[in-house]
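Asks:
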Amino acid sequence: MGKFIVLSVPILLTTAIFITIGIYSIRKKTPMHFWSGTTVKSEEISDVKAYNRANGIMWICYGSTYIIGLLLSIVFGSKIGTIITIFSSSVGIILLIIIYGKIYDKYKVKR
15 MGKFIVLSVP ILLTTAIFIT IGIYSIRKKT PMHFWSGTTV KSEEISDVKA
65 YNRANGIMWI CYGSTYIIGL LLSIVFGSKI GTIITIFSSS VGIILLIIIY
115 GKIYDKYKVK R
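Take our numbering: the final residue in the sequence shown is number 125, and no numbers are missing along the way.
(1) Write down every uninterrupted run of the beta strand (DSSP E) in the segment 19 to 51 whose length is 3 residues or greater and which is fully enclosed by it, in chain order.
(2) If distances are taken between C-alpha atoms only, which option among 38, 65 and 18 comes closest to residue 116?
(3) By how many angstroms is the C-alpha of residue 76 removed from the C-alpha of residue 89?
(4) For the alpha helix (DSSP H) containing residue 87, name the first residue and the last one.
(5) What number of angstroms, rounded off, separates the C-alpha of residue 32 from the C-alpha of residue 125?
(6) Buried or exposed for residue 87, please, with buried defined as at least 16 other CB atoms from any protein chain shown within 10 angstroms of its CB.
(7) With DSSP as the reference, label residue 122 as helix, strand or coil.
(8) Name the DSSP bridge partner or partners of residue 59?
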């Protein structure tokens, strides 16, 4: 039981942060930024609502991978959950960057 708590608390906190970012992004009226210290201007984005929705879904899906890892760890043992968590926190970051680039390119105003 102690091992489960030690595993669950940080994963649930991490998941809550990413899913909260996703919900915030979906509800935001101005374009959601991805990179720290930067902003995306409304003039840069053709459809702010769709852009923010795509951005929010990206973050919610990313946070959900941690929940999936935790659940699989509980059901099948810690190794598969650990593998998914490591994958999410390493390769997942690279995928976030790639996916955000595609979202930005899709919704940026073409000049």
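All residues carry an ideal CB built from backbone N, CA and C; glycine is no exception.
Replies: This is what the structure gives:
(1) none
(2) 65
(3) 21 Å
(4) 62 to 90
(5) Answer to the nearest angstrom: the Cα atoms are 33 Å apart.
(6) buried
(7) For residue 122, the three-state secondary structure derived from DSSP is strand.
(8) Its beta-bridge partners are 122.
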